[in-house]
Amino acid sequence: MPDTPDFLTRLAQNEADLRAAQTLRYQVFVKELGADGPLVDHAEGLEKDAFDPFYDHLLLIDRAGDVERVVGVYRLLRSDQAARAGRFYSEGEFDLSPLKQSGRRLLELGRSCLHPDYRGGTAMLHLWAALADYIADHQIDVLFGVASFHGTDAQALAHPLSNLHHTHLAPSDLRTRVLPGAHAQPLALLAREDVDRKRAMLETPQLIKAYLRLGGYVGDGAFIDRDFNTTDVCLILDAAKVNDKQAALFARGRGT
0 MPDTPDFLTR LAQNEADLRA AQTLRYQVFV KELGADGPLV DHAEGLEKDA
50 FDPFYDHLLL IDRAGDVERV VGVYRLLRSD QAARAGRFYS EGEFDLSPLK
100 QSGRRLLELG RSCLHPDYRG GTAMLHLWAA LADYIADHQI DVLFGVASFH
150 GTDAQALAHP LSNLHHTHLA PSDLRTRVLP GAHAQPLALL AREDVDRKRA
200 MLETPQLIKA YLRLGGYVGD GAFIDRDFNT TDVCLILDAA KVNDKQAALF
250 ARGRGT
C-alpha cells in the first residue's frame, strides 16, 4: 500500500470494473477464507455468482500507485433490483417477510471486503461515506444483509452468537428468521448469564461490531454456509434508529 493512498469511490461502470471487484472478492473470500461456490472461477481467480448482474457494485479505488487498484468493494441491491433478480440474496438463508412487508425502502448489503493491505486504516470509512451518499440518493429506510463469522462450528462461536441473541435481537417488526432445515442454527447456545461478554466481543468480526455500534440488530437464528465456510447472521439497520452522532459519522463526506 502507498504511504498515502489516494482514494476514489464509485459504482462499477463496466465489465472490467466488475471483474476487478470479483478478483478482490476471490482473494479475500476464496484464498483467504476458504469459500467456494458453483460459479467461482478458480482458473480466472473470480468469486462470482448469479446475482452479480443485478447488483450495484461500490468500488474503493486507490489511485496513488502507477496503476489504479480496486482495494475495497460493497455489493448493493435495492428492492427494485431484487424484483428483477427474482429475490434478495439473503432470501436463500433467511425469511425476510417482516422487512418486505414493512413498506420501507430496503437495501441489501453484501460481499463487503477490503484488500489486506488496507485494513485498519481509513479505507472502510471511505466506503461507508460513499454508501451513505447512495442511501441518501435512493432514500433508503432499512439496510440489511448477511454478515459472517469464519467457520462452520457453531459451538466454537457459542459466546458471540449467544451475545448477539441476548443483546442485539431485532424488534419483532424487523426480525428476520433463519430458514428451517439442516443449515439452521439457533443463536442462543448459552444462557445470558453464561456468556463471557469480553470473549464474545473479541470473537465478533469487526464489520459486525461496526454495524452494532450504528444501532444494528440481528435476526433470529444463524445459517451454516458450508460452501462459503461461514456461519451467517442477518444484520438489520433501521436508519431511523441511528442517533445523531452515529448518523454524522455514517454520512461523513456527504456532498463532497
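Okay, so the sequence shown: first residue is 0 according to numbering that gives the first Met the number 0, each after it adds one. All C-beta atoms, glycine included, are put in the ideal place defined by N, C-alpha and C.
What does DSSP give as the partner residues of residue 71 in its beta bridges?
The sequence position of residue 71 within the sequence shown is 72, counting from 1. 59 and 113.
Quick one: grab the DSSP three-state call for residue 32.
Residue 32 sits at position 33 when you count from the first residue of the sequence shown. Residue 32: coil per DSSP, three-state reduction.
Give a yes or no on contact between the region 155-175 and the region 92-103, applying the rule of three or more CB pairs nearer than 8 angstroms.
yes
With 16 other CB atoms within 10 Å as the buried threshold, where does residue 161 fall?
For the purposes of this step, residue 161 is taken as the residue at position 162 of the sequence shown. Burial call: buried.
Could you check what DSSP says for residue 212 in three-state terms: helix, strand or coil?
Within the sequence shown, numbered from 1, the residue matching residue 212 stands at position 213. DSSP places residue 212 in the helix class (H, G or I) of the three-state scheme.
Cβ pair count under 8 angstroms reaching 3, the region 186-197 against the region 139-146:
No: the two stretches stay apart, fewer than three of their Cβ pairs being nearer than 8 angstroms.
Can you tell me which of 98, 163, 200 and 153 puts its alpha carbon nearest to the alpha carbon of residue 139?
Translated into the one-based positions of the sequence shown, residue 139 becomes position 140. Of 98, 163, 200 and 153, the residue nearest in Cα terms is 98.
Tell me, please, which residues DSSP counts as bridged to residue 50.
Counting from one through the sequence shown, the residue named residue 50 turns up at place 51. According to DSSP, which records beta bridges pairwise, residue 50 is partnered with nothing at all.
Spell out a yes or no on whether the region 17-34 and the region 43-52 are touching, meaning 3 or more CB-CB pairs, one atom from each, closer than 8 angstroms.
yes
I need the DSSP call for residue 107, collapsed to helix, strand or coil.
Along the sequence shown, one-based indexing puts residue 107 at 108. Residue 107: strand per DSSP, three-state reduction.
For residue 8, which residues from the same chain have a beta carbon less than 8 angstroms from its beta carbon, with the 5 sequence-adjacent residues on both sides left out?
Numbered from 1 along the sequence shown, position 9 holds the residue referred to as residue 8. Closer than 8 angstroms at Cβ, skipping near neighbours: 57, 58, 59, 60, 125, 126, 128 and 129.
Taking DSSP as the reference, what is the three-state secondary structure of residue 12?
As a working note, residue 12 is residue 13 in the sequence shown. In this structure, residue 12 counts as coil in the three-state DSSP scheme.
Option nearest residue 221 by Cα separation, candidates 181, 186, 2 and 132
On the sequence shown, residue 221 is found 222 positions in, with the first residue counted as 1. Taking only the C-alpha atoms, the option nearest residue 221 is 186.
Take residue 76 and list the residues in its own chain whose beta-carbon comes closer than 6 angstroms to its own, dropping the five residues that flank it on each side.
Counting from one through the sequence shown, the residue named residue 76 turns up at place 77. Only 54 and 107 meet the Cβ criterion.
List the DSSP bridge partners of residue 147.
Position 148 of the sequence shown, counting from 1, holds the residue named residue 147. For residue 147, which the question treats as bridged, DSSP gives the partners 231.
Can you give the Cα-Cα distance for residue 41 and residue 74, rounded to whole angstroms?
In the sequence shown, the residue the question calls residue 41 occupies position 42. In the sequence shown, the residue the question calls residue 74 occupies position 75. So the alpha carbons of these two residues sit roughly 21 angstroms apart.
According to DSSP, residues forming a beta bridge with residue 77
Reading the sequence shown from its first residue, position 78 is the one you call residue 77. Bridge partners of residue 77: 106.
So, under 8 angstroms CB-CB, residue 223 and residue 182 are touching, yes? Tell me the CB distance rounded to an integer number of Å.
The count along the sequence shown starts at 1 and reaches residue 223 at position 224. The count along the sequence shown starts at 1 and reaches residue 182 at position 183. Right, their Cβ atoms sit about 5 angstroms apart.
Using a Cβ-Cβ cutoff of less than 6 angstroms, which residues in the same chain neighbour residue 103 once the five nearest sequence positions on both sides are dropped?
Here residue 103 corresponds to residue number 104 of the sequence shown, with the count starting at 1. Closer than 6 angstroms at the Cβ level, and outside the excluded window around residue 103, lie 140 and 141.
Best match in 238, 237, 87 and 19 for proximity to residue 72 [C-alpha to C-alpha]
Within the sequence shown, the letter at position 73 stands for residue 72. Minimum Cα distance to residue 72 is reached at 19.
Skipping 5 residues on each side, what residues in its chain have a beta carbon closer than 7 angstroms to that of residue 211?
Counted from its first residue, the sequence shown places residue 211 at position 212. If we look at residue 211 and ignore the five residues flanking it on each side, its Cβ neighbours are 167.
Verify whether the separation of the beta carbon atoms of residue 149 and residue 195 is less than 8 angstroms.
By one-based count along the sequence shown, residue 149 stands at place 150. By one-based count along the sequence shown, residue 195 stands at place 196. No, the pair does not count as a contact, with Cβ atoms beyond the cut-off.
Roughly how many angstroms separate the alpha carbons of residue 122 and residue 69, rounded to a whole number?
Working through the sequence shown from its first residue, we reach residue 122 at position 123. Working through the sequence shown from its first residue, we reach residue 69 at position 70. Between residue 122 and residue 69, the C-alpha separation is close to 11 angstroms.
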